[in-house]
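**Student:** Residue numbers (the numbering used here): 15 to 232.
We put the CB at the ideal spot given by N, CA and C, even for glycine.
Encoded structure:
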(Lines of atoms letter the chains of each structure in order from A and count residues from 1; the text may use other names and numbers.)
(Lines give C-alpha, C1' and ligand atoms only; values in the text may rest on other atoms or scores of the structure.)
Protein backbone atom coordinates (compact mmCIF):
# COMPACT_ATOMS: atom_id res chain seq x y z
CA UNK A 1 0.00 0.00 0.00
CA UNK A 2 2.88 2.39 0.72
CA UNK A 3 4.37 1.69 -2.73
CA UNK A 4 1.00 2.35 -4.37
CA UNK A 5 0.98 5.78 -2.74
CA UNK A 6 4.55 6.58 -3.72
CA UNK A 7 5.87 6.23 -0.17
CA UNK A 8 9.05 4.49 0.97
CA UNK A 9 8.55 0.93 2.17
CA UNK A 10 9.85 1.71 5.66
CA UNK A 11 12.49 0.14 7.87
CA UNK A 12 12.38 -3.53 8.83
CA UNK A 13 14.14 -4.11 12.15
CA UNK A 14 14.45 -7.14 14.41
CA UNK A 15 11.50 -6.13 16.61
CA UNK A 16 9.40 -3.74 14.50
CA UNK A 17 8.63 -2.29 11.10
CA UNK A 18 8.37 1.49 10.99
CA UNK A 19 7.59 4.10 8.35
CA UNK A 20 9.44 7.44 8.48
CA UNK A 21 6.56 9.08 6.60
CA UNK A 22 2.89 8.89 7.51
CA UNK A 23 1.21 5.89 5.96
CA UNK A 24 -2.07 5.86 4.00
CA UNK A 25 -5.42 6.03 5.77
CA UNK A 26 -6.13 3.06 8.10
CA UNK A 27 -2.62 1.63 7.69
CA UNK A 28 -0.23 1.58 10.68
CA UNK A 29 2.90 3.68 10.91
CA UNK A 30 4.61 0.93 12.91
CA UNK A 31 4.06 -2.80 13.48
CA UNK A 32 5.68 -4.87 16.21
CA UNK A 33 7.32 -8.06 14.97
CA UNK A 34 8.49 -9.56 18.27
CA UNK A 35 6.91 -9.96 21.67
CA UNK A 36 9.74 -8.11 23.38
CA UNK A 37 9.35 -4.94 21.29
CA UNK A 38 9.27 -1.82 23.41
CA UNK A 39 7.90 1.69 22.85
CA UNK A 40 11.20 2.91 21.44
CA UNK A 41 11.20 0.23 18.76
CA UNK A 42 8.00 1.62 17.25
CA UNK A 43 8.06 5.30 18.15
CA UNK A 44 11.62 6.26 17.26
CA UNK A 45 11.11 5.55 13.56
CA UNK A 46 7.75 7.22 12.85
CA UNK A 47 6.52 10.76 12.17
CA UNK A 48 4.68 12.24 15.17
CA UNK A 49 4.78 15.88 14.10
CA UNK A 50 0.95 15.81 13.88
CA UNK A 51 -1.65 13.67 15.68
CA UNK A 52 -2.92 10.49 14.05
CA UNK A 53 0.05 8.14 13.87
CA UNK A 54 -0.91 4.55 14.64
CA UNK A 55 0.85 1.43 15.89
CA UNK A 56 -0.16 -2.18 15.36
CA UNK A 57 0.85 -3.95 18.57
CA UNK A 58 0.96 -7.45 17.12
CA UNK A 59 1.42 -9.19 20.47
CA UNK A 60 -0.84 -6.93 22.59
CA UNK A 61 2.01 -6.24 25.01
CA UNK A 62 2.72 -2.53 24.63
CA UNK A 63 1.36 0.22 26.82
CA UNK A 64 1.60 3.40 24.77
CA UNK A 65 -0.77 5.47 26.92
CA UNK A 66 2.15 7.16 28.73
CA UNK A 67 3.44 8.19 25.30
CA UNK A 68 0.22 10.02 24.44
CA UNK A 69 -1.51 7.22 22.53
CA UNK A 70 -4.99 5.82 23.14
CA UNK A 71 -6.13 2.27 22.54
CA UNK A 72 -8.21 2.37 19.36
CA UNK A 73 -9.38 -1.25 19.36
CA UNK A 74 -8.41 -4.83 20.15
CA UNK A 75 -8.79 -7.82 17.86
CA UNK A 76 -7.77 -11.45 17.38
CA UNK A 77 -5.34 -12.87 14.86
CA UNK A 78 -7.01 -15.58 12.79
CA UNK A 79 -5.56 -18.61 11.00
CA UNK A 80 -7.17 -21.06 8.61
CA UNK A 81 -5.04 -24.12 7.80
CA UNK A 82 -4.11 -24.96 4.24
CA UNK A 83 -6.18 -27.70 2.68
CA UNK A 84 -9.25 -27.03 4.83
CA UNK A 85 -12.62 -27.82 3.24
CA UNK A 86 -13.70 -24.98 0.96
CA UNK A 87 -17.38 -25.09 1.76
CA UNK A 88 -18.74 -22.21 3.83
CA UNK A 89 -22.46 -22.12 4.39
CA UNK A 90 -23.85 -18.79 3.15
CA UNK A 91 -27.23 -17.34 2.37
CA UNK A 92 -28.47 -14.17 0.76
CA UNK A 93 -25.96 -13.85 -2.07
CA UNK A 94 -25.75 -15.09 -5.62
CA UNK A 95 -22.49 -13.22 -6.19
CA UNK A 96 -19.74 -14.64 -8.36
CA UNK A 97 -16.33 -13.86 -6.85
CA UNK A 98 -13.33 -13.16 -9.04
CA UNK A 99 -10.17 -11.07 -9.09
CA UNK A 100 -10.39 -7.40 -10.05
CA UNK A 101 -8.19 -6.76 -13.11
CA UNK A 102 -8.89 -3.20 -14.29
CA UNK A 103 -8.63 0.30 -12.78
CA UNK A 104 -12.35 0.79 -13.39
CA UNK A 105 -13.15 -2.43 -11.61
CA UNK A 106 -10.96 -1.42 -8.69
CA UNK A 107 -12.65 1.99 -8.47
CA UNK A 108 -16.07 0.30 -8.31
CA UNK A 109 -14.79 -2.16 -5.70
CA UNK A 110 -13.36 0.65 -3.56
CA UNK A 111 -16.63 2.59 -3.63
CA UNK A 112 -18.51 -0.51 -2.53
CA UNK A 113 -15.95 -1.17 0.21
CA UNK A 114 -16.22 2.42 1.48
CA UNK A 115 -20.01 2.55 1.36
CA UNK A 116 -19.88 5.23 -1.32
CA UNK A 117 -17.32 7.49 0.39
CA UNK A 118 -15.12 8.74 -2.46
CA UNK A 119 -12.38 10.03 -0.14
CA UNK A 120 -11.98 6.64 1.52
CA UNK A 121 -12.25 4.84 -1.82
CA UNK A 122 -9.26 6.85 -3.07
CA UNK A 123 -7.10 4.76 -0.72
CA UNK A 124 -7.08 1.95 -3.30
CA UNK A 125 -5.01 3.13 -6.26
CA UNK A 126 -4.61 1.41 -9.60
CA UNK A 127 -0.93 0.75 -8.80
CA UNK A 128 -2.10 -2.07 -6.52
CA UNK A 129 -3.12 -4.03 -9.62
CA UNK A 130 0.55 -4.19 -10.64
CA UNK A 131 1.61 -5.87 -7.40
CA UNK A 132 1.87 -9.63 -8.03
CA UNK A 133 1.39 -10.35 -4.32
CA UNK A 134 -1.92 -8.48 -4.12
CA UNK A 135 -5.28 -9.73 -5.39
CA UNK A 136 -8.43 -7.64 -5.01
CA UNK A 137 -11.44 -9.95 -4.91
CA UNK A 138 -14.96 -8.79 -5.78
CA UNK A 139 -18.29 -10.55 -5.64
CA UNK A 140 -20.60 -9.48 -8.47
CA UNK A 141 -24.37 -9.86 -8.51
CA UNK A 142 -26.00 -10.89 -11.79
CA UNK A 143 -26.85 -7.22 -12.43
CA UNK A 144 -23.21 -6.18 -11.94
CA UNK A 145 -23.48 -4.74 -8.43
CA UNK A 146 -20.58 -5.51 -6.10
CA UNK A 147 -21.93 -7.37 -3.09
CA UNK A 148 -18.67 -8.01 -1.26
CA UNK A 149 -14.98 -8.49 -1.50
CA UNK A 150 -11.59 -8.63 0.18
CA UNK A 151 -7.89 -8.07 -0.38
CA UNK A 152 -5.61 -11.12 -0.57
CA UNK A 153 -1.87 -10.62 0.02
CA UNK A 154 0.24 -13.67 -0.77
CA UNK A 155 3.69 -14.65 0.47
CA UNK A 156 5.61 -17.89 0.13
CA UNK A 157 4.02 -19.28 3.29
CA UNK A 158 0.60 -17.68 3.83
CA UNK A 159 -2.12 -15.57 2.26
CA UNK A 160 -3.27 -12.54 4.23
CA UNK A 161 -6.97 -11.62 4.16
CA UNK A 162 -7.94 -8.00 4.84
CA UNK A 163 -10.63 -5.44 4.03
CA UNK A 164 -13.29 -8.15 3.83
CA UNK A 165 -16.73 -6.59 3.42
CA UNK A 166 -20.26 -7.16 2.16
CA UNK A 167 -22.95 -4.78 0.90
CA UNK A 168 -26.74 -4.62 0.56
CA UNK A 169 -27.34 -6.82 3.59
CA UNK A 170 -25.34 -9.78 2.29
CA UNK A 171 -23.94 -11.86 5.19
CA UNK A 172 -20.21 -12.02 5.82
CA UNK A 173 -20.35 -15.78 5.22
CA UNK A 174 -20.94 -15.04 1.53
CA UNK A 175 -17.73 -13.02 1.31
CA UNK A 176 -15.77 -15.75 3.07
CA UNK A 177 -17.19 -18.32 0.66
CA UNK A 178 -16.10 -16.17 -2.27
CA UNK A 179 -12.64 -15.54 -0.85
CA UNK A 180 -12.06 -19.24 -0.28
CA UNK A 181 -13.04 -19.94 -3.87
CA UNK A 182 -10.32 -17.57 -5.13
CA UNK A 183 -7.51 -18.05 -2.57
CA UNK A 184 -4.80 -20.66 -3.09
CA UNK A 185 -5.92 -23.70 -1.06
CA UNK A 186 -2.28 -24.78 -0.64
CA UNK A 187 -1.56 -21.81 1.64
CA UNK A 188 -2.97 -21.02 5.09
CA UNK A 189 -5.08 -17.88 5.41
CA UNK A 190 -4.24 -15.32 8.09
CA UNK A 191 -5.57 -11.96 9.19
CA UNK A 192 -7.30 -10.35 12.14
CA UNK A 193 -10.90 -9.59 13.03
CA UNK A 194 -13.04 -8.51 15.99
CA UNK A 195 -16.70 -8.58 17.03
CA UNK A 196 -19.20 -9.97 14.53
CA UNK A 197 -16.49 -10.10 11.86
CA UNK A 198 -14.49 -12.43 14.08
CA UNK A 199 -17.54 -14.67 14.50
CA UNK A 200 -17.90 -14.88 10.72
CA UNK A 201 -14.22 -15.79 10.32
CA UNK A 202 -14.50 -18.54 12.92
CA UNK A 203 -17.59 -19.90 11.16
CA UNK A 204 -15.54 -20.01 7.95
CA UNK A 205 -13.04 -22.38 9.53
CA UNK A 206 -10.55 -19.91 11.01
CA UNK A 207 -9.28 -20.13 14.56
CA UNK A 208 -8.36 -17.28 16.89
CA UNK A 209 -4.67 -17.58 17.73
CA UNK A 210 -3.83 -14.49 19.78
CA UNK A 211 -4.66 -10.86 20.52
CA UNK A 212 -3.42 -7.64 18.98
CA UNK A 213 -4.03 -3.98 19.68
CA UNK A 214 -4.13 -0.84 17.57
CA UNK A 215 -2.90 2.36 19.22
CA UNK A 216 -3.60 5.87 17.93
CA UNK A 217 -1.56 8.97 18.71
CA UNK A 218 -3.98 11.49 20.17
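So for residue 81, helix, strand or coil by DSSP?
**Tutor:** helix
**Student:** Under 7 Å Cβ to Cβ from residue 208, same chain only, skipping five residues before and after it: list those, please.
**Tutor:** 87, 88, 89 and 90
**Student:** Report back the beta-carbon spacing between residue 83 and residue 127 to the nearest angstrom; my notes put them in contact at under 8 Å.
**Tutor:** About 27 Å separates the two Cβ atoms, so there is no contact after all.
**Student:** Return yes when the Cβ of residue 199 is within less than 8 Å of the Cβ of residue 242, no when it is not.
**Tutor:** Since the displayed the chain opens at 15 and closes at 232, residue 242 lies outside it and no answer follows.
**Student:** Would you tell me roughly how many angstroms separate the C-alpha atoms of residue 64 and residue 81, rounded to the nearest one?
**Tutor:** 14 Å
**Student:** Per the contact definition of three or more C-beta pairs closer than 8 Å, is the segment 38-47 in contact with the segment 23-30?
**Tutor:** yes
**Student:** Look at residue 192 and residue 151 and say whether their C-beta atoms are less than 8 Å apart.
**Tutor:** Yes, these two residues count as a Cβ contact at 8 Å.
**Student:** When burial is assigned at 16 or more other CB atoms within 10 Å of the CB, is residue 42 buried or exposed?
**Tutor:** Residue 42 comes out buried.
**Student:** Got a sec? Which residues, its chain only, sit under 8 Å from residue 216 by beta carbon, not counting five neighbours each side?
**Tutor:** 92 and 222
**Student:** Output yes or no for whether 8 Å exceeds the beta carbon distance between residue 196 and residue 115.
**Tutor:** no
**Student:** Have a look at residue 155 and residue 172 and give me their C-alpha separation to the nearest angstrom.
**Tutor:** 29 Å
**Student:** For residue 139, collect the residues of the same chain with a Cβ closer than 6 Å to its Cβ; drop the 5 residues on either side in sequence, then sort them by chain order.
**Tutor:** 18
**Student:** Please identify the residue among 149, 75, 25 and 205 whose C-alpha is closest to the C-alpha of residue 123.
**Tutor:** 149
**Student:** Give every residue of the same chain whose Cβ lies closer than 6 Å to the Cβ of residue 25, excluding the five residues on either side of it in the sequence, and list them in chain order.
**Tutor:** Closer than 6 Å at the Cβ level, and outside the excluded window around residue 25, lie 32 and 59.
**Student:** Count the other C-beta atoms from every protein chain shown that fall within 10 angstroms of the C-beta of residue 159, then say buried if there are 16 or more, exposed otherwise.
**Tutor:** exposed
**Student:** For a test of the three-state rule: what should DSSP assign to residue 154, helix, strand or coil?
**Tutor:** strand
**Student:** Is DSSP giving residue 162 helix, strand or coil here?
**Tutor:** Residue state, collapsed to three classes: strand.
**Student:** Enumerate in chain order the residues of its own chain whose CB-to-CB distance from residue 168 is below 6 Å, with the five nearest sequence positions on each side excluded.
**Tutor:** 147
**Student:** Can you look up residue 21 in the DSSP assignment and give me helix, strand or coil?
**Tutor:** coil
**Student:** Counting along the chain, where does the alpha helix (DSSP H) carrying residue 191 start and finish?
**Tutor:** 186-196
**Student:** Is DSSP giving residue 225 helix, strand or coil here?
**Tutor:** strand
**Student:** Taking 6 Å as the limit between beta carbons, can you name the residues of its chain near residue 132, skipping five residues before and five after?
**Tutor:** none
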